[in-house]
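Student: A single structure is presented below for examination.
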Amino acid sequence: MQLLAASHFDPRGMPDFFGRLQQNFRYYDSKLPEFLSSHPVTTTRIAESRSRAEQYPMNSESGDSFYRLFQAKTRVASTTNNSDTLAYFKAGYNRGTATEQEVARYGYALALLKTAA
């Protein structure tokens, strides 16, 4: 959990992830992934991780912003129509949150670099 917080990820994601694991694997008695048989996901473990996560301050900078920047980079790298990509990112300049605008500027700059290459 300390690693999540130090990496600017929300530690509250850990108990949420444990909850999803518990929900998705609740009917698997004999075919559990090996990790889950040695580290079982219990309601107690989820509650304890949620309690520990609450001790960390809310982080306004989350892994989501890094994900969005990487998503923009992937969009530019995989496009076959760069003019559409330029238009897509330019449209996002004045729309949405500050993070979304930052991602739009980043994607637009990458698309311009791809055009110049």
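Count the sequence shown with the numbering used here and you get residues 47 to 163, in order. For glycine and all other residues, C-beta sits at the position ideal for the given N, C-alpha and C. Predicted model, so just to flag it, every value in this text is computed and none were measured.
Please report how far the alpha carbon of residue 92 lies from the alpha carbon of residue 79, in whole angstroms.
Tutor: 18 Å
Student: Going by DSSP, what residue range makes up the alpha helix (DSSP H) through residue 81?
Tutor: 80 to 84
Student: Would you give the residue range spanned by the alpha helix (DSSP H) that residue 149 belongs to?
Tutor: Unbroken alpha helix (DSSP H) run through residue 149: 144 to 162.
Student: Among the residues of its own chain, which have a CB less than 6 Å from the CB of residue 125, if the five just before and after it don't count?
Tutor: 131
Student: Beta-carbon within less than 8 Å of residue 146's beta-carbon, same chain only, minus the 5 sequence neighbours each way: which residues are those?
Tutor: 114, 138
Student: Using only CA atoms, which one of 53, 47, 51 lies nearest to residue 64?
Tutor: When 53, 47, 51 are compared, the shortest CA-CA separation from residue 64 is found for 47.
Student: Put residue 122 into one of helix, strand or coil per three-state DSSP.
Tutor: helix
Student: How would you call residue 154, buried or exposed, if buried means at least 16 neighbouring beta carbons within 10 angstroms?
Tutor: buried
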